[in-house]
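In this note's numbering, the protein residues as written are 7 to 403.
Think of the CB as a built atom: it goes at the ideal place given N, C-alpha and C, for glycine as much as any other residue.
The structure presented is a predicted model; accordingly, all values stated were derived computationally and were not measured.
Data first, discussion second: the structure below is written as structure tokens.
Dropping the structure here:
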């Protein structure tokens with residue numbers, strides 16, 4: 007292990023902070039460079055599936071994450087009429103086999119936990135403008151400063167600047183839809199206080215989960231032309247309220263509780279398969295490497311897996327190049343499989359044809375639950391969990 011290795015983590019989001027924590031626990035003193043001038047309580051919710059919780063267990067912070075979020079009892083997929091197409095049975099698969107189910111948490115709360123856990127330096131207001139992947143890489147920032155660390159970790163998101171030093175001119179792929187996200191302040195009826203759900207509709211995929219006793223993370227996708235029409239109205243939520251009015255509860259109540267200013271609208275984008283994740287001592291992690299559509303609920307989890315795997319590999323090998331190669335060899339195939347799954351689900355979930363929607367939901371409802379349980383079990387069993395120096399042990403949820 008090279009404890010004196012100088013590691014610069016570009017990007018102070020979930021992936022970057024988790025990477026820095028894992029590095030610290032292995033004797034490194036990384037510096038995190040974050041473009042935002044400060045950390046503010048913004049953003050929406052995150053569903054942390056069991057594989058993410060297993061990594062946080064290894065980092066010793068899983069109990070804090072569970073306490074700050076909402077452990078879910080079940081997740082259900084429904085048709086717009088309310089018919090249950092599938093139940094996740096979190097006790098029967100995730101908890102029984104792996105000790106954890108799923109936790110829905112406000113993004114800002116998770117970010118705060120990670121910042122509190124990190125002892126090292128987070129340089130805010132340092133937006134990366136370019137990276138030179140030479141023998142000793144150089145990172146340039148918008149204030150004119152530059153650093154020359156031994157290793158650069160590009161954890162700067164789906165619109166990564168660091169990625170240009172590894173694979174230049176990557177064109178993101180998009181669906182002709184946008185996603186609306188919000189956190190609603192609403193008192194939920196008891197039946198919905200620990201229940202996550204999805205509704206697969208005609209061109210609109212919607213859902214959410216409670217992230218606290220009186221907070222609910224909500225999302226809905228809308229086809230591009232419909233989104234453009236909504237944006238020209240005074241209240242862009244009105245078309246969504248009308249569209250979701252007949253969806254099963256708590257969807258209508260959640261949307262009715264929102265104001266337009268509560269909602270964040272973003273494009274649905276993913277990163278195409280990359281030919282490589284590293285160049286020299288510059289290496290990608292998280293969305294910079296495999297940004298994916300949200301339909302499998304695995305974007306954050308795969309980034310969190312990257313963080314632990316990369317830190318472990320750097321600690322276990324003398325040469326950074328060998329460590330980076332080993333990390334890419336382990337993580338690239340798994341993350342690509344999940345990204346491909348998310349891409350397929352996105353194409354299916356945003357079908358606009360009424361007939362296509364009905365056929366999809368019929369087929370989905372007829373598929374044996376055992377098939378979905380086996381797929382989830384296999385995915386979690388493949389979690390990248392290298393041995394930690396001082397592994398934390400959570401109590402499960």
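Which term fits residue i, buried or exposed, when burial requires 16 or more other beta carbons within 10 angstroms of its beta carbon?
i: residue 396; result: Caution applies to residue 396, whose pLDDT of 45 falls short of 50 and renders its modelled position unreliable; the value that the coordinates give is listed next. When all chains shown are included, residue 396 counts as exposed.
i: residue 48; result: exposed
i: residue 375; result: exposed
i: residue 365; result: exposed
i: residue 240; result: With a pLDDT of 49 at residue 240, under the threshold of 50, the modelled position of that residue is not reliable, and the figure given next carries that caveat. Residue 240 comes out exposed.
i: residue 23; result: buried
i: residue 131; result: exposed
i: residue 21; result: buried
i: residue 328; result: exposed
i: residue 43; result: exposed
i: residue 367; result: buried
i: residue 141; result: exposed
Does DSSP classify residue i as helix, strand or coil?
i: residue 386; result: helix
i: residue 170; result: helix
i: residue 216; result: strand
i: residue 373; result: coil
i: residue 207; result: coil
i: residue 60; result: helix
i: residue 314; result: helix
i: residue 135; result: strand
i: residue 323; result: coil
i: residue 183; result: strand
i: residue 328; result: helix
i: residue 239; result: At residue 239 the pLDDT is 48, less than 50, meaning the model places this residue with poor confidence and gives no usable figure here.
i: residue 51; result: strand
i: residue 159; result: strand
Relative to the alpha-carbon of residue i, which residue among the options has its alpha-carbon at the smallest distance?
i: residue 284; options: 294, 276, 275; result: 294
i: residue 211; options: 83, 296, 335; result: 83
i: residue 109; options: 322, 66, 117, 53; result: 53
i: residue 40; options: 147, 62, 367, 97; result: 147
i: residue 340; options: 384, 158, 360; result: 384
i: residue 134; options: 199, 161, 75; result: 161
i: residue 306; options: 55, 229, 367; result: 55
i: residue 229; options: 183, 258, 141; result: 183
i: residue 393; options: 32, 18, 17; result: 32
i: residue 288; options: 143, 46, 252, 35; result: 143
i: residue 18; options: 206, 159, 226, 223; result: 159
Less than 8 Å between the CB atoms is what I'm expecting for residue i and residue j, so what's the real figure, rounded?
i: residue 262; j: residue 247; result: 6 Å
i: residue 119; j: residue 70; result: 5 Å
i: residue 244; j: residue 304; result: With a Cβ gap of about 32 Å, residue 244 and residue 304 do not count as contacting.
i: residue 446; j: residue 344; result: Past the boundaries of the shown model lies residue 446; the chain is included only from 7 to 403, so the question cannot be answered.
i: residue 386; j: residue 100; result: 7 Å
i: residue 78; j: residue 215; result: 6 Å
i: residue 64; j: residue 391; result: 6 Å
Cβ of residue i within 7 Å of any heavy atom in the ligand ZN?
i: residue 183; result: In the structure on display, the ligand ZN does not appear, and there are no ligands present to speak of.
Output yes if chain B places a C-beta closer than 8 Å to the C-beta of residue i; else output no.
i: residue 132; result: Included in the structure is just one protein chain, with no chain B present.
Mind listing, in chain order, the continuous beta strand (DSSP E) runs of no fewer than 3 residues lying wholly within the stretch 11-43? Considered as a whole, the stretch 11-43 harbours 13-16, 37-40 as its complete beta strand (DSSP E) runs of no fewer than 3 residues, in chain order.
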